[in-house]
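Residue numbers (my numbering): 2 to 189. We put the CB at the ideal spot given by N, CA and C, even for glycine.
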């Protein structure tokens, strides 16, 4: 099967001109399907490097949390004290106090029933205090994590909050890891 070299139109055998564009045909050009490379070397190398990075992220987290924090402390997705503070502060920024208290820890030796009671009290009384404080400062405009220190099941996160009225405040949250391995802000 022959095709025009200019427009790609299919030519009949023996044709001297292309019926579509009028270009003279200089002999027949058989067009064959070309198969592209399935994978190229740079893509394989990039995939290998990415696989090694992701694998080392999860392996160091399982083997040694301290080493993991030193190597990957800048990565904040997933379950980390900094990520918990970010999520909780975002809740406050959006006036979602129920969401904020979902990231809080209310004591070490409390039963689930007592814990729910404490959470209800915090929602009733702590909510008003938080809401008033945030509203007086014209809301939370932005926040920034400064540092994170992890020691076993305890952590400390320092961060700054920029309020709508321009006031900037530095805060520290102490966090504890619960029995499910989730980091929670300690409210003692």
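query                                                                                                                        : result
Status (buried if at least 16 other CB within 10 Å, exposed otherwise) for residue 149                                       : buried
Short Cβ contact (8 Å threshold) for residue 18 with residue 10                                                              : no
Boundaries (first-last residue) of the beta strand (DSSP E) holding residue 190                                              : It is not possible to answer for residue 190, since the shown part of the chain is limited to 2 through 189.
Counted within 10 angstroms of its Cβ, other Cβ atoms place residue 46 as buried (16 or more) or exposed                     : exposed
Neighbourhood of residue 127 by C-beta distance below 6 Å, restricted to the same chain and skipping five residues each side : none
Simplified DSSP assignment, three categories, for residue 13                                                                 : coil
Whole-angstrom distance between residue 146 and residue 176, CA atom to CA atom                                              : 14 Å
For residue 179, the first and last residue of its enclosing alpha helix (DSSP H)                                            : That residue, residue 179, is in no alpha helix (DSSP H); it is neither H nor E in DSSP.
Proximity of residue 158 and residue 57 at Cβ, strictly below 8 Å                                                            : no
Which listed residue (162, 153, 161) has its alpha carbon closest to that of residue 183                                     : 153
Span of the alpha helix (DSSP H) around residue 183                                                                          : Residue 183 -> no alpha helix (DSSP H), and no H or E assigned at all.
Residue 185 vs residue 131 beta-carbon contact at 8 Å                                                                        : no
Under the three-state DSSP convention, the category residue 95 falls into                                                    : coil
Nonlocal neighbours in the same chain, by C-beta distance under 7 Å from residue 16, ignoring five residues either side      : 26
Residues near residue 29 by beta carbon distance below 6 Å, same chain, minus five either side                               : With a pLDDT of 48 at residue 29, under the threshold of 50, the modelled position of this residue cannot be trusted; read the value that follows with caution. 3.
Residue 138 and residue 164 closer than 8 Å at C-beta                                                                        : yes
Residue 25 - partner residues in DSSP beta bridges                                                                           : 18
Beta-carbon proximity list for residue 141, same chain, < 8 Å, skipping 5 on both sides                                      : 90, 93, 94, 135, 162, 163, 164, 165
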